[in-house]
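Student: A single structure is presented below for examination.
Number of protein chains: 2
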Amino acid sequence: MGTTQLETVPEPKYWHLRTVLSEALDSEFTVGEVLPNERELAARFGVARATLRQALEQLELEGRLHRRRGVGTTVAPPRVAVEVGPEGTAWPGPDDDTWQATGSDLSAPPAAVATALALPRGTAVHVVRRSRVSHGQPVAAELLYVPETSVPDLPASDTPSGAARARAVLRELQHLDLTARNRSVELGSARADDAKQLDRLPGAPVLVVTTHFTTPARIAALSVATYRADTCRLTFGESGRVEIAEGVG
Amino acid sequence: MGTTQLETVPEPKYWHLRTVLSEALDSEFTVGEVLPNERELAARFGVARATLRQALEQLELEGRLHRRRGVGTTVAPPRVAVEVGPEGTAWPGPDDDTWQATGSDLSAPPAAVATALALPRGTAVHVVRRSRVSHGQPVAAELLYVPETSVPDLPASDTPSGAARARAVLRELQHLDLTARNRSVELGSARADDAKQLDRLPGAPVLVVTTHFTTPARIAALSVATYRADTCRLTFGESGRVEIAEGVG
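Those protein sequence lines, which keep their order, are chains A and B. Under our numbering, think of the first position of the first sequence as 6, with each following residue one higher. Under our numbering, think of the first position of the second sequence as 6, with each following residue one higher.
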């Protein structure tokens, strides 16, 4: 994948080094192995420390390396495939093992969320926090914004926050007649609170999955889920049943 | 979105600056406006140049800023929503305006692609190159790997490469009985040839969309499409027709 082609733009030095290092990772190192320190690597490849660091950052962004203070640089395992289709984001149900509700409160959402939910600014909504664990690793932190009108039968509570309250809101959501889930994926960076949940530093690259849960009448809830970009590959199953049904009908 | 919370991990200096700058972009600048140079910005916010640069890189990663040699740093427009559902990746057809076939050749795919297609290493496949333009901007560069057995009726040709050949392969693909398109999205970095097509430097962050096109018998084609992560937000429409049909049936 890292071949140079004749007609392409000239490669920066660190990019060439990244390609060489990438091949070395394939042939000489095993998953979890600690790489030599920066000084040794720079000497081995005959490059400046700054160039080496750029190449290592690049390989970290590509999920090939993990870098941790105190541990050093290790060879990363292949990325984990995390399903982001209907099955992967179900509200609690049979296959909800990997999501955990961690808290809930009533508060005003960010302006962009209020606009999407067609709410006047400052209107409080249920903000449910969930975290997702896959293969024993934290992979996502989610904020789910639920207008009070979407859960009209939610029992009143003396403790309107906390994990139990979050689960109550999620239970009520299952009564909604959802007709579509519109998702988008974009590159972002972890905010401080998400970073903590994901065991990363603030600013680490993340894949932000925004989902609009729609009923025939309106957008009933909005989820902003932040996935670790270094360890996750998001998968979207698209079964062809719709096309087959059309052919049969 | 950039609020500081009491119980969070301490914020690095550049991250705090990123939040302050982000608010300044909202309140003081308009889309396309050129920011003051680094020296002036560093002085205004009382930070070192290195800290400023980290914050600017962060905001570029988040799609808030564009940085170009010779032009300087400008305020980016909102990201473009690019559909990556069945409609957005159709082989040539009524709504294929945004995809353009740029070339094709017969060559051995990378080892990972050969494995996915269940082909012995070194088996040549049609490699169709396409580029995608949205709102006048290049947004994606795609390599589509098509085994010869998937297009058995492809006419023999004296010119087995080039854009005309690419279109011929794509036309033949429309005869396939596809039952599923399995997609994944992950963070990557632009290879030199993709970077050129996308008007970026090698190593620029990209969203890599891998699609397995499946027939009842096997994986008939595999696409690796590289989307600009700075300007694109990928959307996945998921109609709820399947659920409704279940309820009706």
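All C-beta atoms, glycine included, are put in the ideal place defined by N, C-alpha and C.
Closer than 6 Å by C-beta to H71(A): which residues in its own chain qualify, once you throw out the five before and the five after it? Chain order, please.
Tutor: Taking the first residue of the first sequence as 1, we reach residue 71(A) at position 66. Correct list, in chain order: T79, A81.
Student: Of all the CB atoms in chain B, is at least one closer than 8 Å to the CB of S139(A)?
Tutor: The count along the first sequence starts at 1 and reaches residue 139(A) at position 134. Output row for S139(A): interface = no.
Student: Using a Cβ-Cβ cut-off of 8 Å, state whether E43(B) counts as contacting chain A.
Tutor: Within the second sequence, numbered from 1, the residue matching residue 43(B) stands at position 38. Judged by the 8 Å Cβ criterion, E43(B) is not in contact with chain A.
Student: What is the residue span of the beta strand (DSSP E) that D110(B) lies within?
Tutor: Position 105 of the second sequence, counting from 1, holds the residue named residue 110(B). Note, D110(B): beta strand (DSSP E), 104-112.
Student: Scan the stretch 102-114 of chain A for residues whose Cβ lies nearer than 9 Å to a Cβ of chain B and list them as they occur along the chain.
Tutor: none
Student: Could you list which residues in chain B have their beta carbon closer than 8 Å to that of R67(A), in chain order?
Tutor: Position 62 of the first sequence, counted from the first residue, corresponds to residue 67(A). Here the sequence assigns Glu to residue 67(A), which means Arg is not the residue at that position. Correct list: L192, G193, S194.
Student: Would you kindly check if the distance between the Cβ of S155(B) and the Cβ of A328(B) is under 8 Å?
Tutor: Because chain B here runs from 6 to 254, residue 328(B) falls outside it and cannot be looked at.
Student: Just the C-alpha distance for L111(B) and L124(A), rounded to the nearest angstrom, thanks.
Tutor: Start at 1 with the first residue of the second sequence, and residue 111(B) comes out as number 106. Start at 1 with the first residue of the first sequence, and residue 124(A) comes out as number 119. Going by the C-alpha atoms only, they are around 55 Å apart.
Student: Can you give me the C-alpha to C-alpha distance between S32(A) and T56(B), rounded to a whole angstrom?
Tutor: One-based indexing of the first sequence puts residue 32(A) at position 27. One-based indexing of the second sequence puts residue 56(B) at position 51. Computed Cα separation, rounded: 37 Å.
Student: Hey, how far is the Cα of P152(A) from the Cα of V213(A)?
Tutor: Locating residue 152(A) in the first sequence gives position 147, counting from the first residue. Locating residue 213(A) in the first sequence gives position 208, counting from the first residue. So the two alpha carbons sit approximately 21 Å from each other.
Student: Is DSSP giving E191(B) helix, strand or coil here?
Tutor: Indexing the second sequence from 1 puts residue 191(B) at position 186. Of the three classes helix, strand and coil, the one that applies to E191(B) here is strand, per DSSP.
Student: Looking only at its own chain, which residues have a Cβ that is under 7 Å from the Cβ of A195(B), when we skip the five neighbours before and after it?
Tutor: Taking the second sequence and counting its residues from 1, the one referred to as residue 195(B) is at position 190. Cβ within range, chain order: L203, R205, P207, G208, A209, V211, T231.
Student: Give the secondary structure of S255(A) by DSSP, where H, G and I count as helix, E and B as strand, and everything else as coil.
Tutor: This structure cannot settle anything about residue 255(A), because the visible part of chain A is limited to 6 through 254.
Student: Locate the beta strand (DSSP E) running through V213(A), then write down its first and last residues.
Tutor: Looking up residue 213(A) in the first sequence gives position 208. Counting along the chain, the beta strand (DSSP E) containing V213(A) begins and ends at 210-219.
Student: Measuring only between beta-carbons, confirm whether P83(B) sits less than 8 Å from chain A.
Tutor: The sequence position of residue 83(B) within the second sequence is 78, counting from 1. Chain A, which has no Cβ nearer than 8 Å to the Cβ of P83(B), makes this no.
Student: Looking only at DSSP bridge pairs, what is G77(A) linked to?
Tutor: Your numbering for residue 77(A) matches position 72 in the first sequence. In DSSP, G77(A) forms a bridge with R73(A).
Student: Using a threshold of 8 Å, state whether the C-beta atoms of R135(A) and T107(A) are closer than that.
Tutor: In the first sequence, the residue the question calls residue 135(A) occupies position 130. In the first sequence, the residue the question calls residue 107(A) occupies position 102. Their beta carbons are under 8 Å apart, which means R135(A) touches T107(A) by this criterion.
Student: Thinking C-alpha only, which one of F218(B), G77(B), T240(B) is nearest E38(B)?
Tutor: To locate residue 38(B), count along the second sequence from 1; it is residue 33. Among F218(B), G77(B), T240(B), the Cα nearest to that of E38(B) belongs to G77(B).
Student: Chain C beta carbons: is any one of them nearer than 8 Å to that of L30(B)?
Tutor: Among the protein chains of the structure shown, namely A and B, there is no chain C.
Student: In whole angstroms, what is the alpha-carbon distance linking A173(B) and Q179(B)?
Tutor: For the purposes of this step, residue 173(B) is taken as residue 168 along the second sequence, with counting starting at 1. For the purposes of this step, residue 179(B) is taken as residue 174 along the second sequence, with counting starting at 1. A173(B) and Q179(B) have their C-alpha atoms spaced approximately 10 Å apart.
Student: Could you check which residue in R23(B), T240(B), D199(B), S189(B) has the C-alpha nearest to that of T216(B)?
Tutor: The count along the second sequence starts at 1 and reaches residue 216(B) at position 211. Among R23(B), T240(B), D199(B), S189(B), the Cα nearest to that of T216(B) is on S189(B).
Student: Could one say the Cβ of T240(A) lies closer than 8 Å to chain B's Cβ atoms, at least one of them?
Tutor: As a working mapping, residue 240(A) is identified with position 235 in the first sequence. Cβ-Cβ to chain B under 8 Å: yes for T240(A).
Student: With 16 as the cutoff for other CB atoms within 10 Å, does V138(A) come out buried or exposed?
Tutor: Here residue 138(A) refers to the residue found at position 133 when the first sequence is read from its first residue. V138(A) comes out exposed.
Student: Using a Cβ cut-off of 8 Å (strictly closer), state whether L212(B) contacts chain A.
Tutor: Here residue 212(B) refers to the residue found at position 207 when the second sequence is read from its first residue. True, the Cβ-Cβ gap to chain A drops below 8 Å.
Student: Give me whichever residues DSSP pairs with E147(A) in a beta bridge.
Tutor: Locating residue 147(A) in the first sequence gives position 142, counting from the first residue. R135(A), A230(A), per the DSSP bridge assignment.
Student: Counting contacts by CB-CB distance shorter than 8 Å, is V76(B) in contact with chain A?
Tutor: By 1-based counting over the second sequence, the position of residue 76(B) is 71. Taking Cβ atoms only, chain A never reaches closer than 8 Å to V76(B), which makes this a no.
Student: 8 Å is my cut-off, CB to CB: does A234(A) come that close to chain B?
Tutor: Counting from 1 along the first sequence, the entry for residue 234(A) is found at position 229. By the rule that beta-carbons nearer than 8 Å mark a contact, A234(A) touches chain B.
Student: Going by CA-CA distance only, name the one from R186(A), R49(A), L192(A) that's closest to R238(A).
Tutor: To locate residue 238(A), count along the first sequence from 1; it is residue 233. For R238(A), the nearest C-alpha among the options comes from L192(A).
Student: Ends of the beta strand (DSSP E) at T240(B)?
Tutor: Counting from one through the second sequence, the residue named residue 240(B) turns up at place 235. 237-241 is the extent of the beta strand (DSSP E) around T240(B).
Student: Going by DSSP, name the residue or residues bridged to Q142(A).
Tutor: As a working note, residue 142(A) is residue 137 in the first sequence. As computed with DSSP, Q142(A) is found in a beta bridge with S139(A).
Student: Kindly list the residues whose CB is nearer than 8 Å to the CB of A171(A), restricted to its own chain and excluding five residues on each side of it in sequence; keep chain order.
Tutor: Translated into positions along the first sequence, residue 171(A) becomes position 166. Excluding sequence neighbours, A171(A) sits near A106, T107, G108, S109, V133, R134, R135.
Student: DSSP three-state call for A53(B): helix, strand or coil?
Tutor: Position 48 of the second sequence, counted from the first residue, corresponds to residue 53(B). For A53(B), the three-state secondary structure derived from DSSP is coil.
Student: Starting from E88(B) and walking both ways along the beta strand (DSSP E), at which residues does that stretch end?
Tutor: Taking the second sequence and counting its residues from 1, the one referred to as residue 88(B) is at position 83. Its beta strand (DSSP E) spans residues 85-88.
Student: Looking only at C-alpha atoms, which of V130(A), L122(A), A121(A) sits nearest to A113(A)?
Tutor: On the first sequence, residue 113(A) is found 108 positions in, with the first residue counted as 1. For the residues V130(A), L122(A), A121(A), the minimum Cα distance to A113(A) belongs to V130(A).
Student: Let me check one thing: in DSSP terms, what residues is V39(A) bridge-paired to?
Tutor: Taking the first sequence and counting its residues from 1, the one referred to as residue 39(A) is at position 34. Beta-bridge pairing links V39(A) to T79(A).
Student: Roughly how far, in whole angstroms, is the beta-carbon of E45(B) from the beta-carbon of R54(B), given that I think they are within contact range, below 8 Å?
Tutor: Looking up residue 45(B) in the second sequence gives position 40. Looking up residue 54(B) in the second sequence gives position 49. Between R54(B) and E45(B) the Cβ distance is about 11 Å, and since that is not below 8 Å, they are no contact.
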